[in-house]
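Undergrad: Same order as they appear, the protein sequences are chains A and B.
Heads up: the first sequence is residues 1 to 287, going by my numbering.
Heads up: the second sequence is residues 288 to 396, going by my numbering.
The structure that follows is given in the form of structure tokens.
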Amino acid sequence: MKSKNEILNLIQQNIQNSSDLLYYSSVITEFNRAMSSPDVQIEKLSNIIEKDPGLTANVLRMANSSYYGLSKRVMTVKHAVSLLGYVSLEKIFTVNVFSKSISKQRTAHGENLWKHSLAVAIAAQQIVSNIKPEMSELAFTAGLLHDIGKFLIMNLLPDSYNNLLKEFNKNPYQYSIGLDNKFIGIDHQQVGELFAKSWDLPQPIINVIRYHHNIDFAKDNKDIVAAVSVANNIVKGMELGQSTSMLVELIPKWVWSYISLNKEDFYKIIPLIQQKYNAYLAFLNIV
Amino acid sequence: MKAITIDKIEDGMVLAQDVLNPKGQILIKSGVTLDDYYINVLNKFNIDVIMVAGDRESREMSREERAALMMQVRPGKKMIFQKCITDPFIYEMYEAVVQNSVWEKWNEK
Numbered sequence: 001m002k003s004k005n006e007i008l009n010l011i012q013q014n015i016q017n018s019s020d021l022l023y024y025s026s027v028i029t030e031f032n033r034a035m036s037s038p039d040v041q042i043e044k045l046s047n048i049i050e051k052d053p054g055l056t057a058n059v060l061r062m063a064n065s066s067y068y069g070l071s072k073r074v075m076t077v078k079h080a081v082s083l084l085g086y087v088s089l090e091k092i093f094t095v096n097v098f099s100k101s102i103s104k105q106r107t108a109h110g111e112n113l114w115k116h117s118l119a120v121a122i123a124a125q126q127i128v129s130n131i132k133p134e135m136s137e138l139a140f141t142a143g144l145l146h147d148i149g150k151f152l153i154m155n156l157l158p159d160s161y162n163n164l165l166k167e168f169n170k171n172p173y174q175y176s177i178g179l180d181n182k183f184i185g186i187d188h189q190q191v192g193e194l195f196a197k198s199w200d201l202p203q204p205i206i207n208v209i210r211y212h213h214n215i216d217f218a219k220d221n222k223d224i225v226a227a228v229s230v231a232n233n234i235v236k237g238m239e240l241g242q243s244t245s246m247l248v249e250l251i252p253k254w255v256w257s258y259i260s261l262n263k264e265d266f267y268k269i270i271p272l273i274q275q276k277y278n279a280y281l282a283f284l285n286i287v
Numbered sequence: 288m289k290a291i292t293i294d295k296i297e298d299g300m301v302l303a304q305d306v307l308n309p310k311g312q313i314l315i316k317s318g319v320t321l322d323d324y325y326i327n328v329l330n331k332f333n334i335d336v337i338m339v340a341g342d343r344e345s346r347e348m349s350r351e352e353r354a355a356l357m358m359q360v361r362p363g364k365k366m367i368f369q370k371c372i373t374d375p376f377i378y379e380m381y382e383a384v385v386q387n388s389v390w391e392k393w394n395e396k
């Protein structure tokens, strides 16, 4: 096994080489900026989408899918944008770009981890929309990226990661941080943080990536870190997708009141997460 | 949530996603119960497809069927929650997850 320093160096080197990842994160940033300006313009959004031929094809394919059941064909990105609606467009966009940029090798596990991330994004958004609606889109992105470290380890240290997976398959009821330390030598939160910083992602997202298994250590953005952490556990309980542990973790007592979650709320939130997740998968299967 | 063309709107259907005009402004907010007034609005703006809420509660599940599904679901979920099911909040999360899984299994049928 490589030493922690060797691993950190390997990652540092690959940050420079990951120009495609950087490209996608800049597209996401540009898109988010256009979306959050007070008067969002179809023209602007369409221009950003049209810069990327793959994305253009996907947006058109989605708009023309049976999901929308239109009789006329949608031929232009502009028409597709107005049809899909901004809110769903932003999510589809983020999800699309994310899945494209991370899953170079399509494996069953990669796909499951990706579904897990998507479910956590949906759940985190659901939780945050109750306390800070203005931050709910950020919570979605943070949820989507919370395990980015695992994707990076998967790509950069495939042998170690496969050993970890073998152990997971033998006994899925172990904590993921323990498996990381044993088989990788560094945990996925640290790896993810390194990348997130070099990409210049917003600080709340960096904190989510770094502390979603150790909420007590987060100094800032405790609300969003706590929301993603709770989301992560709900999603593990619901078995939406799969990560590298099937265990629900204990959540510090202060968290529940901090994110204004009552015991009864689970009965409302969980079916909603399930419905949204099903709708997303139905949607994404088209692409 | 499912997509339907507006000629398929039935009484009591609930809009599940905001309907926007081409400028991105909200025409009809999600959550409203669709009636003639809203159908007129949709027609006026040439909107042909909308998202409506699914019918999760529409079929009855008998007590026996429910109990059988609970039996099927609980052991697996107990494994997942084994480390912290004694925590009152996590316990409630567990119960809600079991109920949801029962619904999902029921809907698969």
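Cβ coordinates follow ideal geometry from the N, Cα and C atoms, glycine included.
Please read these numbers as outputs of a predicted model, since none were measured by experiment.
So with CB distances below 7 Å, who are the chain B contacts of residue 256 of chain A?
TA: Simply 376.
Undergrad: Specify, as a first and last residue, the run of the alpha helix (DSSP H) that residue 372 of chain B falls within.
TA: It is not in any alpha helix (DSSP H) - residue 372 of chain B carries neither H nor E in the DSSP assignment.
Undergrad: Three Cβ pairs or more, each shorter than 8 Å: is that satisfied between the region 250-268 of chain A and the region 372-380 of chain B?
TA: Touching, yes.
Undergrad: Terminal residues of the continuous beta strand (DSSP E) containing residue 399 of chain B?
TA: Nothing in the structure corresponds to residue 399 of chain B, since chain B is present only between 288 and 396.
Undergrad: Which residues in chain A sit within 7 Å of residue 368 of chain B, going by Cβ to Cβ distance?
TA: Near residue 368 of chain B (Cβ distances below 7 Å), the residues of chain A are 237 and 248.
Undergrad: Under the three-state reduction of DSSP, which class applies to residue 301 of chain B: helix, strand or coil?
TA: In the structure shown, residue 301 of chain B sits in a strand (DSSP, three-state: E or B).
Undergrad: Can you give me the C-alpha to C-alpha distance between residue 279 of chain A and residue 5 of chain A, rounded to a whole angstrom?
TA: Rounded to the nearest angstrom, the two C-alpha atoms are 43 Å apart.
Undergrad: Over the uninterrupted beta strand (DSSP E) stretch that includes residue 215 of chain A, give me the two end residues.
TA: Counting along the chain, residue 215 of chain A falls outside any beta strand (DSSP E), and DSSP gives it neither H nor E.
Undergrad: Does the Cβ-Cβ distance between residue 149 of chain A and residue 174 of chain A come in under 8 Å?
TA: The answer is no: Cβ separation not under 8 Å.
Undergrad: What number of angstroms, rounded off, separates the C-alpha of residue 344 of chain B from the C-alpha of residue 76 of chain A?
TA: Any reading at residue 344 of chain B must be qualified, since the residue scores a pLDDT of 48, below 50, and its modelled position is unreliable; the value itself is stated next. Going by the C-alpha atoms only, they are around 39 Å apart.
Undergrad: Nearest CA to the CA of residue 257 of chain A: which residue from A/57, A/130, A/2 and A/112?
TA: Nearest option by C-alpha distance: A/130.
Undergrad: The beta strand (DSSP E) that contains residue 154 of chain A, what's its start and end?
TA: Run containing residue 154 of chain A: none in the beta strand (DSSP E); it sits in the alpha helix (DSSP H), 148-156.
Undergrad: In the DSSP assignment, find the unbroken beta strand (DSSP E) run with residue 336 of chain B in it and report its ends.
TA: 336-339 is the span of the beta strand (DSSP E), which, as asked, contains residue 336 of chain B.
Undergrad: So, at 7 Å on beta carbons, what are the nonlocal neighbours of residue 325 of chain B in its own chain, with the 5 sequence-adjacent residues on each side left out?
TA: These residues qualify, in order along the chain: 315 and 319.
Undergrad: Would you check if the region 228-247 of chain A and the region 117-125 of chain A touch, i.e. whether three or more CB-CB distances between them fall below 8 Å?
TA: Output reads yes: the region 228-247 of chain A touches the region 117-125 of chain A.
Undergrad: Report the residue from B/392, B/355, B/391 and B/336 whose alpha carbon sits nearest the alpha carbon of residue 64 of chain A.
TA: Selected option, being the one with the closest Cα: B/336.
Undergrad: Please report the residue range of the alpha helix (DSSP H) in which residue 321 of chain B lies.
TA: Looking at the DSSP string, residue 321 of chain B is not in any alpha helix (DSSP H), and its letter there is neither H nor E.
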